[in-house]
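First to last, the sequence lines map onto chains D and F. Numbering of the first sequence is given in the working numbering, commencing with residue 4 and proceeding in unit increments. Numbering of the second sequence is given in the working numbering, commencing with residue 1349 and proceeding in unit increments. One structure is given below, encoded as structure tokens.
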Amino acid sequence: MSLNEVWEAASATPFIPLIAKDSQFSVGFNLLLLALVTATLFGLNRSFLGIVSLGIPAALASGFGAVFMICAAGVYV
Amino acid sequence: MRFFTATVLGLLAPSLCAATNLTTPSRLDLPSGFKPPQVFKNINLVRNTNLEKSYVRETINVVVENVDKQPQNDYYIPFPAEVFDRVGGFEVRDKKAPEKGRFDVDYTEAVPSDGNQYFVVHLPEPLAPKSQITLGISYSVLSSLSPLPATIGQADKQFLTYSFSAYMPSAYTTVTQKTKLKFPSNNVPDYTPTEGLKSGSDPERKGTTYTYGPYDTAEVAPGTEHPITVRYEFTKPVITVNLLERDLEVSHWGGNLATEERYWLRNNGSELTNQFSRVQWTFTSYQKAPTSALRELTYPLLPGSVDPYFIDDIGNVSTSRYRPSVGKSAGNLELKPRYPIFGGWNYSFRIGWNNDLASFLRRAAGVDSDSYVLKVPLIEGPKMAEGIQYERVVVRVVLPEGAHNVRFELLEGTNSNGLPGAKHIYAHLNTLKTYMDTLGRTTLTLEVDSLTDEARDSKFVVTYDHSMVDALRKPLTIFAGLLTVFVAAWGIGKIDISIKKR
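What follows is the structure, encoded as structure tokens:
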């Protein structure tokens, strides 16, 4: 099977990004805001429970938020 | 914990860039004194030489007969060694069945005894004795036109000369042959007439077409030359791109295909006799008179192209205009360099734009598949009536970080796509580290020499695998880093550093 035939066979499944270009800024901004709030709350009361309940969500929101924000800024990573 | 361990191992594991069809062009070594075996005879040969653009485009139709007693399948086409590397987009097809695709062609090193280099055409099936096949051979020859006079005034007409042999250089005896030259205009002040090669006037002139021949050359030894030189008006720039670097950057997270092209461009036309006059240039521009200078480049962009930019060594060039596409029509990027580019002048610049990835990328085997297929133009480039020749083109496809099992394929149609065969394109994989990368992005690089704008819109397909772990590498790296900071902050906070009695 030639690669062009692979392309033709895949006509029903175009790539759809997780977040559309138009929504990247709002998603990225909100996730980073959430990360800032939760990281601040964790900073006020640093405990093992705090890591689980606030640190992990903050780190996750920060990871995904940073990726979407840099895409929104025009640097498509 | 198992998930975390697996993730961390996944993040740190080197990307497996296994690829199975990457190519490194090689050339056949021929022994000194090599002469192609005289197993074929060219029964009838018609060479069409098109001089309408700033490079030479030749299409040759030749009826070939096997005069040997054994079936034969290797047909040799010679070129002088100094010309060989300037031959671009070489392609041979069966003229009567072009849809069967191009024939496999090998390149040879120069033969020291006669200085020739050969294209060795492998016929798909050996040609039986006394059988015939019609070959359609097409190629371009770059940098084979020279301006005469070499220097002109700023508003003068420009003339180019082209030298060739009335007898087509062939490794085999040719029974009859002729050459048709197509000029860009009627203004052909000088051409070499022949005497004694045929009865009647030679060349025959009809409008912008000059025909040398037909000649009866059954008794002429292969390789015999009869030099001809023509000189014709070409008051247009001879646009030569010394190097084009083209990057296609695929972003799954951004849903974007970013294209950037870097040009090192030169006008190989007549140089200016006197110093450049801005007043005279303004006058010429106002009259819209023909000029040998490059005034503007028109670059058609695919529908959906957005965010175009045009930058040179100084910075943003504001003398550009983008006419976006409407519906499915192409957009047009009109680029006006900072200064008109006269003969011998250089200009380097970069342009870029973005497209939605959905038009170029598909999941190869269903929605949940880790396998992707990408279809993009190999080169696009400005569309100019006078044509553009590219001495070297380097195309980089920057795939997402972690992409592996990369394969590529050039698309062939029923006509020439202006490219050499896939095995004559140097392809290799490496990694490129840029924003937010830990391992670097898998990059497929294709390098081609001697192309022309005939290759505009030639497309190629790339397939690669990219798993969920590869996709999550960027956010999870940041996640892991930040979580480490939190744990460290908690851990350090637990250390008792108070001063008290023990």
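The beta-carbon is built from N, C-alpha and C at its ideal position, and this holds for glycine as well.
Are the C-beta of D:VAL70 and some C-beta of chain F separated by less than 7 Å? Stepping through the first sequence from its first residue, residue 70 of chain D is reached at position 67. With 7 Å as the cut-off, D:VAL70 counts as an interface residue toward chain F.
Using a cut-off of 7 Å between C-beta atoms, extract the partners of F:LYS1822 located in chain D. If you number the second sequence from 1, residue 1822 of chain F lands on position 474. VAL70 and VAL80, listed in chain order.
I'd like to check one pair, F:TYR1455 with F:ARG1375: are the Cβ atoms closer than 7 Å? Working through the second sequence from its first residue, we reach residue 1375 of chain F at position 27. Working through the second sequence from its first residue, we reach residue 1455 of chain F at position 107. Yes, Cβ-Cβ distance for F:ARG1375 and F:TYR1455 is below 7 Å.
For D:PHE71, the three-state DSSP class (helix, strand or coil): Taking the first sequence and counting its residues from 1, one reaches residue 71 of chain D at position 68. Reduced to three states, the DSSP call for D:PHE71 is helix.
Could you check whether the Cβ of F:SER1363 sits closer than 7 Å to any Cβ belonging to chain D? Mapped onto the second sequence, residue 1363 of chain F falls at position 15. Here F:SER1363 scores only 43 on pLDDT, less than 50, and its place in the model should not be relied on; the value that follows carries that caveat. Closer than 7 Å: no.
Between D:CYS13 and chain F, is the shortest Cβ-Cβ distance under 7 Å, so that the two count as touching? As a working note, residue 13 of chain D is residue 10 in the first sequence. The sequence given here places Ala at residue 13 of chain D; Cys does not occur at that position. It does: the Cβ of D:ALA13 has a partner Cβ on chain F nearer than 7 Å.
For F:ALA1458, collect the residues of the same chain with a Cβ closer than 8 Å to its Cβ; drop the 5 residues on either side in sequence, then sort them by chain order. On the second sequence, position 110 is the one that residue 1458 of chain F refers to. Cβ neighbours of F:ALA1458 beyond the five flanking positions: ALA1429, PHE1432, ASN1464 and GLN1465.
To which residues does DSSP link F:LYS1526 through a beta bridge? Locating residue 1526 of chain F in the second sequence gives position 178, where the first residue counts as 1. DSSP lists F:VAL1394 as partners of F:LYS1526.
Between the alpha carbons of F:GLY1841 and D:ASN48, how many angstroms are there, rounded? Residue 1841 of chain F sits at position 493 when you count from the first residue of the second sequence. Residue 48 of chain D sits at position 45 when you count from the first residue of the first sequence. In a straight line, the C-alpha of F:GLY1841 is about 10 Å away from that of D:ASN48.
Using a Cβ-Cβ cut-off of less than 8 Å, give me the residues of the segment 43 to 61 of chain D that come near chain F, in sequence order. PHE45, GLY46, ARG49, SER50, PHE51, GLY53, ILE54, GLY58, ILE59 and ALA61
Going by C-alpha distance, which of F:ASP1718, F:MET1816, F:SER1696 and F:ILE1425 is nearest F:GLY1571? For this step, residue 1571 of chain F is matched to residue 223 along the second sequence. Checked all of F:ASP1718, F:MET1816, F:SER1696 and F:ILE1425; the closest Cα to F:GLY1571 is F:ILE1425.
Specify the secondary structure class of F:TYR1687 as computed by DSSP and reduced to three states. Here the question's residue 1687 of chain F lines up with position 339 in the second sequence. Three-state DSSP puts F:TYR1687 in coil, outside helix and strand.
Residues of the segment 1594 to 1611 of chain F with Cβ closer than 8 Å to any Cβ of chain D, in chain order: GLU1597, SER1599, HIS1600, TRP1601, GLY1602, GLY1603, ASN1604 and ALA1606
Considering only the alpha carbon of each residue, which of F:TYR1520, F:GLY1561, F:LEU1592 and F:ASP1595 lies closest to F:GLU1413? As a first step, residue 1413 of chain F must be located in the second sequence, where it is residue number 65. Among F:TYR1520, F:GLY1561, F:LEU1592 and F:ASP1595, the Cα nearest to that of F:GLU1413 belongs to F:TYR1520.
Report the residue from F:GLU1597, F:ALA1770, F:GLU1609 and F:GLY1663 whose alpha carbon sits nearest the alpha carbon of F:ILE1727. As a first step, residue 1727 of chain F is located in the second sequence; it is residue number 379 there, counting from the start. The candidate whose alpha carbon is nearest that of F:ILE1727 is F:GLU1609.
Which residues in the same chain have their Cβ closer than 8 Å to the Cβ of F:TYR1647, if we skip the five residues on either side of it in sequence? Counting from 1 along the second sequence, the entry for residue 1647 of chain F is found at position 299. Answer for F:TYR1647: ASN1680, LEU1681, GLU1682, LEU1683, ILE1699, GLU1728, GLY1729, PRO1730 and LYS1731, listed in chain order.
So F:PHE1697 and F:PHE1756 are supposed to be a Cβ contact under 8 Å. How far apart are they, rounded? The residue you call residue 1697 of chain F lines up with position 349 of the second sequence. The residue you call residue 1756 of chain F lines up with position 408 of the second sequence. About 28 Å separates the two Cβ atoms, so there is no contact after all.
Name the residue from F:LYS1676, F:ILE1408 and F:GLN1737 whose alpha carbon lies nearest to the alpha carbon of F:SER1707. Residue 1707 of chain F sits at position 359 when you count from the first residue of the second sequence. Considering only alpha carbons, the answer is F:LYS1676.
Going along chain D, which residues have a C-beta under 7 Å from F:VAL1809? The sequence position of residue 1809 of chain F within the second sequence is 461, counting from 1. Within chain D, the residues near F:VAL1809 are LEU6, ASN7 and TRP10.
Residues of chain F with a CB under 8 Å from the CB of D:SER65: which are they? The residue you call residue 65 of chain D lines up with position 62 of the first sequence. Simply ILE1826, PHE1827 and LEU1830.
Cβ closer than 9 Å: which chain F residues qualify as neighbours of D:ALA88? No statement about residue 88 of chain D is possible, as the shown extent of chain D runs from 4 to 80 and does not include it.
According to DSSP, is F:ASP1595 part of a helix, a strand, or is it coil? Here residue 1595 of chain F refers to the residue found at position 247 when the second sequence is read from its first residue. F:ASP1595: strand per DSSP, three-state reduction.
Which residues, in chain order, does the segment 1749 to 1771 of chain F contribute to contact with chain D at a C-beta distance below 8 Å? ARG1755, PHE1756, GLU1757 and LEU1759
Presumed contact (8 Å Cβ cut-off) between F:LEU1592 and F:TYR1580, rounded CB distance: Within the second sequence, the letter at position 244 stands for residue 1592 of chain F. Within the second sequence, the letter at position 232 stands for residue 1580 of chain F. Their Cβ separation, rounded to whole angstroms, is 28 Å, which puts F:LEU1592 and F:TYR1580 out of contact at 8 Å.
CA-CA distance, F:LYS1848 and D:LEU39? Against the second sequence, residue 1848 of chain F aligns to sequence position 500. Against the first sequence, residue 39 of chain D aligns to sequence position 36. The straight-line gap from Cα to Cα measures roughly 36 Å.
Is F:ARG1450 near F:GLY1484, with beta carbons less than 7 Å apart? The sequence position of residue 1450 of chain F within the second sequence is 102, counting from 1. The sequence position of residue 1484 of chain F within the second sequence is 136, counting from 1. Contact flag unset, no.
Going by DSSP in three states, F:GLN1420 sits in which element: helix, strand or coil? As a first step, residue 1420 of chain F must be located in the second sequence, where it is residue number 72. Strand, per DSSP.
Going by DSSP in three states, F:TRP1693 sits in which element: helix, strand or coil? The residue given as residue 1693 of chain F occupies position 345 in the second sequence. It is coil, neither helix nor strand.
In chain order, what residues of the segment 1548 to 1566 of chain F put their CB closer than 8 Å to some CB of chain D? none
Taking F:THR1302 as part of the beta strand (DSSP E), name the residues at either end of that continuous run. Here chain F has residues from 1349 to 1850 only, and residue 1302 of chain F is not among them.
Which residues in the same chain have their Cβ closer than 6 Å to the Cβ of D:ALA62, if we skip the five residues on either side of it in sequence? Counted from its first residue, the first sequence places residue 62 of chain D at position 59. There are no such residues.
How about F:TYR1403 and F:GLN1737: are their beta carbons less than 7 Å apart? As a position in the second sequence, residue 1403 of chain F is number 55, starting the count at 1. As a position in the second sequence, residue 1737 of chain F is number 389, starting the count at 1. Contact: yes.
When you compare the segment 1560 to 1571 of chain F with the segment 1543 to 1551 of chain F, are there three or more beta-carbon pairs, one atom per stretch, that lie closer than 8 Å? yes
With distance defined between alpha-carbon atoms, name the residue in F:VAL1415, F:THR1607 and F:MET1784 nearest to F:ARG1821. Your numbering for residue 1821 of chain F matches position 473 in the second sequence. Closest by alpha carbon: F:MET1784.
Are F:GLU1597 and F:VAL1746 closer than 7 Å when you measure CB to CB? Taking the first residue of the second sequence as position 1, residue 1597 of chain F is located at position 249. Taking the first residue of the second sequence as position 1, residue 1746 of chain F is located at position 398. Going by C-beta atoms, F:GLU1597 is nearer than 7 Å to F:VAL1746.
Rounded separation between F:LEU1529 and D:ALA12 - CA only: Translated into the one-based positions of the second sequence, residue 1529 of chain F becomes position 181. Translated into the one-based positions of the first sequence, residue 12 of chain D becomes position 9. If you take the alpha carbons of F:LEU1529 and D:ALA12, they lie about 45 Å apart.
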